[in-house]
Each structure stands twice: as structure tokens, then as C-alpha cells.
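Protein chains in written order, with the numbering used here: chain X, 5 to 503; chain Z, 1445 to 1597.
Beta carbons: idealized from backbone N, C-alpha and C, even for Gly.
Just so you know, these numbers come straight off a predicted model, no measurement behind them.
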């Protein structure tokens, strides 16, 4: 078959030339792409592919062009000598291009890994930059929040009336709330709480239980306060550490002394109220028959000549009937709910009027008075308050008896009250009798000296005035009665005095 | 172990003379050239396959590179066919009577149409040049897109 060679020669010549041109162009683009980001492994891969193709295209196309030129110029034999070298180079380039191309998968995986790492690195850098920029602000915010939290909890601790404290395992105080100063004084640190327990066995029980991991809840315990007074408390405790090498105890001490005292006072007042009601009923029923007996006795006495045996008998009846009536009257005074008739009265004259009665009781007793003249006139029933003062003074004198002794009388103001203290250096009252001294008919005096109604009546009078009376005593050293009467600061004379 | 050592010694004692290097005359050069073309085609086929599997075949730049790979495959197969027909198997004999005329003679076992196929297969640059053009286009688009971040992904 005879065919035209021109299309083949033409396509071969032009195609070879174009191959070189496009291959060089591709290499230039690949170089630009690689230079855009020299760390990009895909750009590097494409550069190597383009480079291998360019070398291949040049070697092959140059050979083809040379072949056509030699054939056209009649140098076919020269091409025969060159052809093996050209073919060998072409083969090498074919294998080179194929080999480079096969690395795409590996190059792509490396590229993806680098891209992923770079993305993560950028995110981390961005986050780090943000934290770096805002670090001071965040620290300030957290510090402020911490300070507020600390202030809040410290405030709670400071206003708490209960005592919160942390101690070492042996009870040495490490931290204590402000309320603890009343119990431990101004320098509670390094004190041992165990020393404050009236019964050391209770502290040992609390300590042992808490250290063993068994929290103690509201265990009753009596402690000595800084002034040496006993206070009744409820104590809760638990082990407060997580490091067993240095255990600490957290304790909550609730002072219930005032509450218990109040409860006792309420119970006492209830008891007196019940006794008063009973006494009033009995006294009312007895008072009328006694009046009739006394009346008839005095009627008989009027017609009986003095000196006769019958006259003497009637006098005995009259005497004991009057005594009975006095007792009944005292009972009625104690129990009667009639309101006192109040007038503005100075306390000092009332006390001074009662002093001569003490002189009558004993000549050996000294009286030491300290009056606070700034006490304003009080709104009270002078007769009844005088009776209270007389009762207390006579009791004090009888407690001293025939021995030498002193009655200290002192007036003062405190907590919007006028306070009258009457202290004697007498025999004192046994501690077991203290809760009963205001009970009706309770007395330790010999029969015939007292009826046991004086303090009961005094108690009732003071309570009716809105005040309070209480007693402290140490056997062998004496007793002190304290009468508290309210200052009526809203009285018109007070305002006028100020103006 | 002892019998193994004895066997080795016997074999060494009866060894025949051997040439130090093998001769490479004949058509080895043609075979390796054909193998080079096939290797190139397989490499391009794998590139096209991986571009598809990684979801890159639809993206600008990579799409043109994949088309270039297909053209390179076609060109390699075409050249393998030409080398097979004339140099390797000599099914078609080519004689240039002058600069513008070829006389194509097919062997007795093949029809004359094989000469026609051979004639058109000799126009292999019709595959190679488009492959180069697609390669340039692909690189150009990748370069254009590289100003944006993550262009190659």
C-alpha cells in the first residue's frame, strides 16, 4: 500500500515542537506553584512530575525533530547511529515519569497530615493568642470572684453566733470564728479546746469519734468560758482533712446557755402562775371565814372583862386569826392580778426609806450604798416597790444574822433598765435551793420567822412592773439579788427634760 | 545440619564454568522500551484512579490533570501498538521511497487494513500534545487557585 508520508512527518515535527513548548510551560507553572508555598508537598510532587515530563518531552521530541531534519537533508545513516541513544534516553525518561507519578498517594497523605497539623496548630495558636491577650483580664476576673467568695463566707462566719473552729488532732486551736472570742478570749490560737471542757471525758469521746471518721452531731457538753463561767453547749465535730498524716478537726460549738436559762425561767414563771392561781382560790375561800372568826372573837372580847381566862383564850384566837389573815393577804398579793398604780417615782428615796428597818433588824450590820443619781424617775407603784425592797433588805439582814456583815446596795442603769443590786455577806443559799427561792412557802428559816412568801410576793410585784428579779449566791459568801425595772424613755417628762 | 553441609560441598565440587556477565544482544532494548511505555501508562492509570478515589476529580486543576493522565494512557497504548506492529512483530513493513511517500507492506497473515491502522497510529502526537495541554491547564488552574487558602485540598 502506497501512502503519503507528509501527514506523519508533519504531525511528528509540529507535535514534537508543541510537546517541548507545552512541557516547558508546564514546568514553569509547576515552579511557580512550588514557589508559592515551598512547604507544600503536593506542589513539590507536581514540580517533579512536570520536570520529568519536560526532560522526557525534550529528549523524545528533540530526537524526532533531529530525525526528520536528517531524513529531509539525506542524512538517514547518521540518524541510524543516533537512534539507539535517543531511544535509550526516551526509555529512561518513560520510567522516570512513571516512577515519579506513582508517588502521588504518598505525597497526598503527607500533604493531608501536614494540612491537618497546620490547621490544628493554627487553632492552637489562635487560642493561645486569645488566652495571652486576655490572661490578665481573666486572672483579674477570677481573683475578684475568689475575693467575693472569700468575703461572703468570711461574712457568714463572722456574723454566725455559733463558734466554728479548726483544731489539730490534740485539740489545739488553729482557726476560729469571731464569735469564739467570747469563749476563748482575744487570743484563742494555740489554746486547747479540751481544757475548756468541764468533763474531759466528753472531749475525749468527741475527739476519738471524729478522728475515727464518725462525725459527732449536737453532743451536749459544758464548757468553761474565759470569765470562768460554765456554759452549756451543743458540739458537732468531724474530721476535716483528707491527708491522714496531719489530721484536723472541724468543730461547731453552739452556745445554748441563754436559751436554757430562758426556758428555765419560762418554766419557773409557769409554775409560779399555777401556784398563784391555786393560792388565790384557797385564800379567797379562807379569807371570809377568817374575817367572820376575827369579827366574832373581837365582839366577844368587847363584852369580856380583861384578865379572865376566857379573855386570854379569846386574845390567843384573835392573834392567830390575824396571823392567818396576814398569810392570806400575802397569798392574795402574790396571786392577785391587779395592775400596780404607777406614778413617777425616784428609786433612791424608796431605798433610803427602807434602810431604818434594817437597823431595827440588827445593829451590827453595815450598809454600803452606791446610788446612780442619773437614773430618771421611774413609772412604778411606790408602795409595792418599797415592799420589794423591804423584803430583800430583811432577807439580807436575816442571812447575816447576829454576825458582823455588810449589805451592799447599788443602783445603776444598763440596757434601758434601772438596776438595784442588794448583796449581803451572809450565809448564802445552797445551789440546790436556788431554783426554788421564789416559790411560795419555800423557806429555810426557822418556823415562825418567815412564811416563805416574801420573795414570791416580790417576784410577782417586779414581774407586774415589766421587770425581772434574779439571784446569784455562793454558799458561805453571800447572795446578791438583782432587780431590773424598765426605764420608760417615752414618758413626756423625759422629752421635756431633754428639751 | 551435617548432611546439608555435605550436600553443599558435593555441589561445589561438581560446579560447571559460568560466564561472569550475561550478553544483551537481540531485541532487549525494544522490550524494555515497550515495558517503559506500559509502566508509564499504568502509573497514569493509578494517578487517575487515586484522584477519583480521593474526590479530586471534580475539582478545578485536578480535573484537567486527570484528563491529561487519560491522554497519556492513550498515547502510551498507541505507541506500544506502533512499536508492536513495525519493530517488534514486523507485521507491517515500512519503506520510504522518497520524502513524501511510504510503501506499507503487511505480512501474509494480516489483512491490508492493519496497514491503515498502523498509518493512523503513527500520528501519536495527536494524543501526546493534548496531554501536555491538559497538564498545563491543570497546573495553571491550581496556580490561580493557590492564592486562596487550602487550594490544593
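Using the beta-carbon count (16 or more within 10 Å), is residue 1515 (chain Z) buried or exposed? As a first step, residue 1515 (chain Z) must be located in the second chain, where it is residue number 71. When all chains shown are included, residue 1515 (chain Z) counts as buried.
Going residue by residue through the stretch 314-391 of chain X, where are the continuous alpha helix (DSSP H) segments of at least 4 residues, counting only ones entirely within it? 351-365
Tell me the rounded alpha-carbon separation between residue 1586 (chain Z) and residue 38 (chain X). Taking the first residue of the second chain as 1, we reach residue 1586 (chain Z) at position 142. Taking the first residue of the first chain as 1, we reach residue 38 (chain X) at position 34. Whole-angstrom Cα-Cα distance: 11 angstroms.
Contacts around residue 207 (chain X), its chain only, beta-carbon distance under 6 angstroms, and the 5 residues preceding and following it disregarded: As a position in the first chain, residue 207 (chain X) is number 203, starting the count at 1. So the list reads 198, 201, once near-sequence residues are dropped.
Report the option in X:314, X:383, X:476 whose CA atom is closest to the CA atom of residue 348 (chain X). Position 344 of the first chain holds residue 348 (chain X). Among X:314, X:383, X:476, the Cα nearest to that of residue 348 (chain X) belongs to X:383.
Nearest chain Z C-beta to residue 43 (chain X) closer than 8 angstroms, yes or no? Translated into positions along the first chain, residue 43 (chain X) becomes position 39. Chain Z, which has no Cβ nearer than 8 angstroms to the Cβ of residue 43 (chain X), makes this no.
Proximity to residue 387 (chain X) [Cα-Cα], best of X:108, X:407, X:354: The residue labelled residue 387 (chain X) in the question sits at position 383 within the first chain. Closest by alpha carbon: X:354.
Where residue 1474 (chain Z) and residue 1531 (chain Z) are concerned, what is the direct C-alpha to C-alpha distance, given to the nearest angstrom? Start at 1 with the first residue of the second chain, and residue 1474 (chain Z) comes out as number 30. Start at 1 with the first residue of the second chain, and residue 1531 (chain Z) comes out as number 87. If I take the Cα positions, the gap works out to 8 angstroms.
Could you please tell me which residues of the stretch 8-24 of chain X, in chain order, have their CB closer than 8 angstroms to any CB of chain Z? 8, 9, 10, 11, 12, 13, 15, 16, 18, 19, 20, 22, 23
Beta-ladder partner(s) of residue 1541 (chain Z), from DSSP: Indexing the second chain from 1 puts residue 1541 (chain Z) at position 97. Beta-bridge pairing links residue 1541 (chain Z) to no other residue.
Extent of the continuous beta strand (DSSP E) run through residue 490 (chain X): Within the first chain, numbered from 1, the residue matching residue 490 (chain X) stands at position 486. Unbroken beta strand (DSSP E) run through residue 490 (chain X): 482-490.
Any beta carbon of chain Z sitting closer than 8 angstroms to that of residue 161 (chain X)? Numbered from 1 along the first chain, position 157 holds the residue referred to as residue 161 (chain X). No, residue 161 (chain X) does not count as interfacial toward chain Z.
With DSSP run on the structure shown, which of helix, strand or coil describes residue 147 (chain X)? Your numbering for residue 147 (chain X) matches position 143 in the first chain. In this structure, residue 147 (chain X) counts as helix in the three-state DSSP scheme.
Please list the partners that residue 1526 (chain Z) has in chain X, where partner means a Cβ-to-Cβ separation under 7 angstroms. Within the second chain, residue 1526 (chain Z) is the residue found at index 82, counting from 1. Under the 7 angstroms cutoff, chain X gives no residues; its nearest Cβ is about 11 angstroms from residue 1526 (chain Z).
Report all residues from its chain with a CB closer than 6 angstroms to the CB of residue 1579 (chain Z); omit the five preceding and five following residues, and keep chain order. Locating residue 1579 (chain Z) in the second chain gives position 135, where the first residue counts as 1. Only 1512 meet the Cβ criterion.
Positions along the stretch 1501-1532 of chain Z whose CB lies within less than 7 angstroms of some CB in chain X: none
Within the same chain, show all residues whose beta-carbon is closer than 7 angstroms to that of residue 234 (chain X), passing over the 5 residues directly before and after it, in chain order. Mapped onto the first chain, residue 234 (chain X) falls at position 230. Excluding residues within five positions, the ones whose Cβ falls inside 7 angstroms are 202, 226, 228.
Whose Cβ in chain B lies nearer than 7 angstroms to the Cβ of residue 79 (chain X)? No chain B is part of this structure, whose protein chains are labelled X and Z.
Collapsed DSSP secondary structure at residue 1391 (chain Z) in the structure displayed: Here chain Z has residues from 1445 to 1597 only, and residue 1391 (chain Z) is not among them.
Is it true that the stretch 458-465 of chain X meets the stretch 272-286 of chain X, where meeting means three or more beta-carbon pairs spaced less than 8 angstroms apart? yes
To the nearest angstrom, how far is the alpha carbon of residue 1595 (chain Z) from that of residue 1538 (chain Z)? The residue you call residue 1595 (chain Z) lines up with position 151 of the second chain. The residue you call residue 1538 (chain Z) lines up with position 94 of the second chain. Confidence is the limiting factor: at residue 1595 (chain Z) the pLDDT is only 44, short of 50, which leaves the residue's position unreliable and the question unanswerable from this model.
Whether residue 257 (chain X) touches residue 166 (chain X) by CB criterion (8 angstroms): One-based indexing of the first chain puts residue 257 (chain X) at position 253. One-based indexing of the first chain puts residue 166 (chain X) at position 162. The answer is yes: Cβ separation under 8 angstroms.
Please confirm if residue 1554 (chain Z) has its CB atom under 8 angstroms from at least one CB of chain X. Residue numbering aside, residue 1554 (chain Z) sits at position 110 when the second chain is read from its first letter. No, no contact with chain X.
Going along chain X, which residues have a C-beta under 7 angstroms from residue 1480 (chain Z)? Within the second chain, residue 1480 (chain Z) is the residue found at index 36, counting from 1. Near residue 1480 (chain Z) (Cβ distances below 7 angstroms), the residues of chain X are 95, 98, 99.
So the alpha helix (DSSP H) residue 208 (chain X) belongs to, where does it begin and stop? By one-based count along the first chain, residue 208 (chain X) stands at place 204. Run containing residue 208 (chain X): 204-215, per the alpha helix (DSSP H) assignment.
Between the alpha carbons of residue 1526 (chain Z) and residue 88 (chain X), how many angstroms are there, rounded? Counting from one through the second chain, the residue named residue 1526 (chain Z) turns up at place 82. Counting from one through the first chain, the residue named residue 88 (chain X) turns up at place 84. Whole-angstrom Cα-Cα distance: 17 angstroms.
Residue 45 (chain X) and residue 115 (chain X) closer than 8 angstroms at C-beta: One-based indexing of the first chain puts residue 45 (chain X) at position 41. One-based indexing of the first chain puts residue 115 (chain X) at position 111. Cβ distance < 8 angstroms, so residue 45 (chain X) and residue 115 (chain X) count as in contact.
Partners in chain X for residue 1476 (chain Z), counting only beta-carbon separations shorter than 7 angstroms: For the purposes of this step, residue 1476 (chain Z) is identified with residue 32 of the second chain, where counting begins at 1. Simply 95.
For the alpha helix (DSSP H) holding residue 68 (chain X), just list the boundary residues, first then last. Here residue 68 (chain X) refers to the residue found at position 64 when the first chain is read from its first residue. Taken as a continuous stretch (DSSP letters only), the alpha helix (DSSP H) holding residue 68 (chain X) covers 45-76.
Taking the C-alpha atoms as reference points, what is the distance between residue 360 (chain X) and residue 300 (chain X)? In the first chain, the residue the question calls residue 360 (chain X) occupies position 356. In the first chain, the residue the question calls residue 300 (chain X) occupies position 296. One C-alpha to the other measures close to 37 angstroms.
DSSP on residue 170 (chain X), reduced to helix/strand/coil? Taking the first residue of the first chain as position 1, residue 170 (chain X) is located at position 166. Note: residue 170 (chain X) maps to strand in three-state DSSP.
Taking 8 angstroms as the threshold (beta carbon to beta carbon), is residue 1496 (chain Z) in contact with chain X? Taking the second chain and counting its residues from 1, the one referred to as residue 1496 (chain Z) is at position 52. Closer than 8 angstroms: no.
For residue 258 (chain X), which of helix, strand or coil comes out of DSSP? Residue mapping note: residue 258 (chain X) aligns to position 254 of the first chain, counting from 1. If DSSP states are grouped into helix, strand and coil, residue 258 (chain X) belongs with the strands.
In chain order, what residues of the same chain have a beta carbon less than 7 angstroms from the beta carbon of residue 448 (chain X), not counting five sequence neighbours either side? Within the first chain, the letter at position 444 stands for residue 448 (chain X). Correct list, in chain order: 437.
At a cut-off of 7 angstroms, is residue 200 (chain X) close to the ligand MN when judged by its beta-carbon and the heavy atoms of the ligand? In terms of ligand content, the structure shown is empty, and the ligand MN therefore cannot be addressed.
Of the listed residues X:401, X:478, X:422, X:125, nearest to residue 486 (chain X) (C-alpha basis): To locate residue 486 (chain X), count along the first chain from 1; it is residue 482. Nearest C-alpha to residue 486 (chain X): X:422.
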